[in-house]
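These notes concern the structure reproduced below.
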Amino acid sequence: MTKDLNLKNGSLTEISPEKGTLGETLRKQGVSRRSFMKFCATTASMMALPPAMIPSIAKALENARRPSVIWLSFQECTGCTESLTRAHTSTVESLIFDSISLDYHHTLQAAAGHGAELAREVAMEENYGNYLLVVDGSIPLDNPGYSTIAGISNLDMLNEAAKGAAAIIAVGTCATYGGIPHANPNPTGAVSVKDIIKDKPIINVPGCPPIPVVITGVLAHFLTFGSLPELDHIGRPKAFYGQSIHDRCYRRPFYDKGQFAETFDDEGAKKGWCLFKLGCKGPTTYNACATTKWNNGTSFPIESGHPCIGCSEPDFWDGGGFYKALSMPTDNLTQTLKYAAAGAVAAGVTVGVMNRSKKNTSNKIHVKTTLEDLEK
Amino acid sequence: MSTVNSPRFNIQAGSELTRNVEPLLHEIRHALQTFLDTGETSIIDLRSIPLAPGEEDSIINTLGQGEVQALLDVLGPSEIYETKYAGVWIVTHYNDDDNIISRFVEITDSPDVLKSQREDVVDALNALVTELGTDKT
Amino acid sequence: MTEIELLSWARGPGLQIATIVFVAGVVIRILEILLLGRKANLAEAKGSEMSNGLRTIVTRTIPDKTTFKRSSVTIVSGYVFHIAMFIPLFFFAPHILFFKDVIGVSWPSLPGAVVDAFAVISIIAMIAVLINRLTNRVMRYLTNFEDLLVWLLTFLPLITGYFAFHRIGLTAPSLLAIHLLSVEVLLIVFPFTKLMHTFTLFLARWYNGAISGYRGVAS
Ligand code: SF4
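As you go down the protein sequences, you meet chains A, B and C in turn. If you read the first sequence in the numbering used here, its first letter stands for residue 925, the second for the next number, and so on. If you read the second sequence in the numbering used here, its first letter stands for residue -13, the second for the next number, and so on. If you read the third sequence in the numbering used here, its first letter stands for residue 10, the second for the next number, and so on.
Printed below as a string of C-alpha cells:
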C-alpha cells in the first residue's frame, strides 16, 4: 500500500487499494457494460487517442483504483473549479469524477474549519506518496500573509502537500504560469507551482479557465495509463496544447485571403471574417478551444465573434492589450518616434553647425602655397 | 439543432476550407476493402480531424442512410445506423443534454456496442432469477 | 525568460530601442550631409538645378544600356529583390497594422498567398545577389565585411518572416519574436552602414542632376 509509485510504469493503478477498482465502483452504481464502452470510446476521443486503443483503455480503466486527489486553491478566483464542475453536467464526463476520490477541495467539500483541514491531513497521511495533488491559483512570495488557509501560508501548504504527492496537476494559468496575480506589477510576488516545486512531475493545464474536458482528459490519462501524458516545452499535455488556435481556426481561410473584421459590427464581422485586426492572439496561443470548444461543444470565443485573448499562454495579461493586433508594438511607438525625431533634429543641427564652423576655421587658416614657398 | 431564426455567421462549408473531407472518404474506402479482404474492422474518430463547421455534415451526407438504425439509452442517448454503404456505420454518442460527445465511423458488420454484452447478460440472468423468485439450480 | 516574455520584450522595449536608434541615426546623418552645404558656384547659372535634380532622381532609376550590359546580373537581381521585398514589407496585413499603429495611416493588404510568393522571390533574388557577389571576381574584390554583414542583416528578417508565416520549426511565439528581433537589429545598424542608401540615394541623384542642370548640360 505504501509502495512507491513509478509513474513511468503505469502503476498509479496501485493507488489506495481499499477503494476498489473503477470497474467495481461503476458496476455497483448500475452502470452497464455498454455504458462503460461508450465511456471508454468517448474518453479515447477526448484524450485524442486512436480508436484502436479503446479496448486497452477499457481494460486499464476497469482495473484502475480510485486515486486520492487533494485539491489546493491559492490566489485564484474559483473560475477553474467552476469550469471543472461544468464538466460534471454530462454523464460520461462525470464518471471521471466518480472514479477519483476527491479528499480535499475547500470550495466543494461539505466540511469546514478544522474538519476540512483534518480531511486533508488524513488523506495525505493515508496515501502518502500516492495521491494526486491538484493546485489552482498562484503562490505569493512577497509576504506569506497575503494568502493563507487555516492560518497556513500557501507556500507552506504547497511544500507540505507536494512532499507526499505522486504527481502535481497545476490547473489554470495562475498555478501554471502565475496568471493574473503575476501580471505587472505583481503586487504579491506571485509565482507558479513550477517555480517552487522542482522534484515532482508537474502537468500544466493552463487556461483562464482551462477547458473542462482538458482537465478531465488529464485525469483520465492518469487513470488509464498511470503516467504523465506527453508534455510540451512548457509542461502542457501535447494532446490538447499541441496545436495553436490559429492552426485549427475555421476562420483561417479568411486570414489567408486577407479578409478581416475591422470592428466588432462591420460587414466583415457579420460575415465571420478573421479577427486578427481586433487583437486575436490565436496565432501565438496553444490550446484545444478550436476543436474541443466550450459549453459542451457549443462554440469557442472566436466562433462567437471575439478574438482569442491567449489565456493559456504565460503572461497573457501583459501582452499589450487584448484588442491590440499581435503585430502592433505594445508601447506607444508614435510618441517615441516623434521624440526621437525631434531630439535628432536638434542633435543633427548642432553637429551640422559644428561641422560648418570646423570647415570655416580650416578655410580661414588655410594658407595658399605660392611659388616662392616651393622654391624655398 | 436548427437555429433558423437566430442570426448565423455566413460561414460556408466548402472544399476550400480544410480539405479533409475527400481524404477521409478515401480512408473509409480503404478500410472497407480491408474489411472485405481480411475481416479486419476499423474505427475512425471523426472528432480527431480538424473540420470546419459543416464539413462533418458533408461527410455524413455523402455516406447517407442505410437499412439499419438503432437508438441506445446508455448514459445519455447514442445513435447507431448503417450508412447506404453496407459495412460502414456511424456511431454517435450524446450526453444528457443531447450534445454530441463523440462520433465514430465504424467499418464492421455490426458495431460492438450494439451487441448484448456478456457482463450485462450475467447481470440480467441474476435479475431474472430474482424476479422469478426461484433458485438458480 | 519564456518565449512569450521574449515576444513581449521584442514588441515593447526592443522596438523602442530600435526605433530611437534608427530614427535618430537617420535624421542626424541626413542633416549632417545637408548642413555641410556646397561652395557657392560663381559661374552664371545656365539652367535650373531643382528641376534637373528632381528629374535625375527618377531617370537614374533606369540603368543605361552599357551599364546594363556590363553588370546585368547585379542589376536584374538587385531590382527583383528590391521590388519583391516591398510587397511583403508593405502589403502583408499584419505589417500594415504595424504602420497604422505607428504612423496612423493604413492601406489595403494583399492575400497571404501573393505576399508569400513575393517573399520567396525576394529570398531567391537575395541568394542570387550573394552568389553573384562571391563568384564575380571584380565584385569579390570590392566586397568587404560590411557588405556581407548588411546582406545577412537584410536576409534575416526575410527568412525569419518566411518561417514565421509558415510556422516552421519552432512554436509561433518564438518565431514571431525572432522575426521582430531580426528587424530590430536591422533598424539599429541601419544608420551606420550602407543601408543608408535607402535615403542617400535620393540626395546623390539630385546632386548629380543639379550640377548638370546648373551648367545647362544634359545629365
Ligand atoms: S480569428 Fe484569430 S485564430 Fe482565427 S484565423 Fe484569425 S487570427 Fe487566426
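All C-beta atoms in this analysis are idealised placements derived from N, C-alpha and C, irrespective of residue type, glycine included. Keep in mind the model is a prediction, meaning the values are calculated, not measured.
For residue i and residue j, I'd like the C-alpha separation in whole angstroms.
i	j	result
ALA126/C	LEU98/C	13 angstroms
SER1236/A	ALA1271/A	46 angstroms
LEU32/B	GLU8/B	13 angstroms
GLU1186/A	LEU1147/A	46 angstroms
ASP73/C	ILE130/C	25 angstroms
ASN145/C	ALA122/C	34 angstroms
LYS952/A	ALA1036/A	30 angstroms
THR1100/A	MET10/C	15 angstroms
ILE29/C	THR1260/A	7 angstroms
VAL147/C	LYS1300/A	46 angstroms
ILE939/A	ASN987/A	Unreliable placement is indicated for ILE939/A, whose pLDDT of 38 sits below 50; no coordinate value is reported for it.
PRO1064/A	GLY1096/A	16 angstroms
VAL111/C	THR65/C	32 angstroms
LEU114/B	LEU58/B	21 angstroms
PRO974/A	ALA1144/A	15 angstroms
SER1025/A	GLY1234/A	32 angstroms
ASN1284/A	ILE39/C	20 angstroms
LEU103/B	ILE978/A	Reading off the sequence shown, one finds Gln at residue 103/B, where the question assumed Leu. If I take the Cα positions, the gap works out to 16 angstroms.
LEU1298/A	PHE95/C	58 angstroms
CYS1098/A	GLY1244/A	19 angstroms
Apart from the five residues on each side of it in sequence, which residues of its chain come closer than 6 angstroms, Cβ to Cβ, to residue i?
i	result
THR1215/A	ARG1172
ALA102/C	SER118
LEU16/C	PRO182, LEU185 and ALA186
PHE1178/A	TRP1197 and CYS1198
ALA1074/A	GLU1041
Run through DSSP, which three-state label would residue i get?
i	result
HIS909/A	Residue numbering for chain A in the displayed model covers 925 to 1300; residue 909/A lies beyond these limits and cannot be assessed.
TYR1028/A	strand
ASP1156/A	coil
HIS128/B	Look at the range of chain B in this structure, -13 to 123, and you will see that residue 128/B is not part of it.
LEU51/C	coil
ASN1128/A	strand
TYR1247/A	coil
ILE1104/A	helix
GLU986/A	helix
VAL955/A	coil
ILE92/C	helix
ALA1034/A	coil
ALA1094/A	strand
PRO97/C	helix
Quick one: what's got a C-beta closer than 7 angstroms to residue i's C-beta in the same chain, skipping five residues either side?
i	result
TYR80/B	GLY62, PRO63, SER64, ILE86 and ILE87
VAL194/C	LEU162
LEU139/C	TRP160
Is the separation between the beta-carbon of residue i and that of residue j shorter than 8 angstroms?
i	j	result
VAL32/C	ALA1264/A	yes
ILE30/B	GLU41/B	no
ALA219/C	GLU58/C	yes
LYS962/A	VAL54/B	no
GLN1183/A	CYS1198/A	yes
GLY1103/A	CYS1132/A	yes
LEU49/B	ILE66/B	no
ALA1094/A	VAL1115/A	no
PHE174/C	MET1252/A	no
VAL993/A	VAL1046/A	no
THR967/A	ILE981/A	yes
For residue i, which residues in the same chain have their Cβ closer than 8 angstroms to its Cβ, ignoring the five residues on either side in sequence?
i	result
ILE1121/A	LEU1082, ASN1083, ALA1086 and ILE1092
ILE42/C	THR209 and LEU212
LEU18/B	TYR71, GLY73, VAL74 and ILE93
ILE132/C	PHE164, LEU167, ILE168 and TYR171
THR76/C	ILE84
Could you pull the DSSP bridge partners for residue i from this structure?
i	result
PRO1064/A	ALA1114/A
PHE154/C	BP columns for PHE154/C are empty, so no partner.
SER997/A	ASP1060/A
THR195/C	A small correction: the amino acid at residue 195/C is Leu; Thr does not occupy that position in the sequence shown. The partner list for LEU195/C (beta bridge, DSSP) is empty, contrary to what the question assumes.
ARG89/B	THR78/B
PHE1184/A	CYS1198/A
GLU65/B	LEU57/B and THR78/B
SER1168/A	TYR1210/A
ILE29/B	GLU92/B
TYR1055/A	ALA1089/A
CYS1161/A	The displayed chain sequence assigns Pro, not Cys, to residue 1161/A. BP columns for PRO1161/A point to LEU1155/A.
For residue i, return the contacting residues in chain F, with the cut-off set at a CB-CB distance below 8 angstroms.
i	result
THR966/A	Protein chains A, B and C are contained in the structure displayed, whereas chain F is not.
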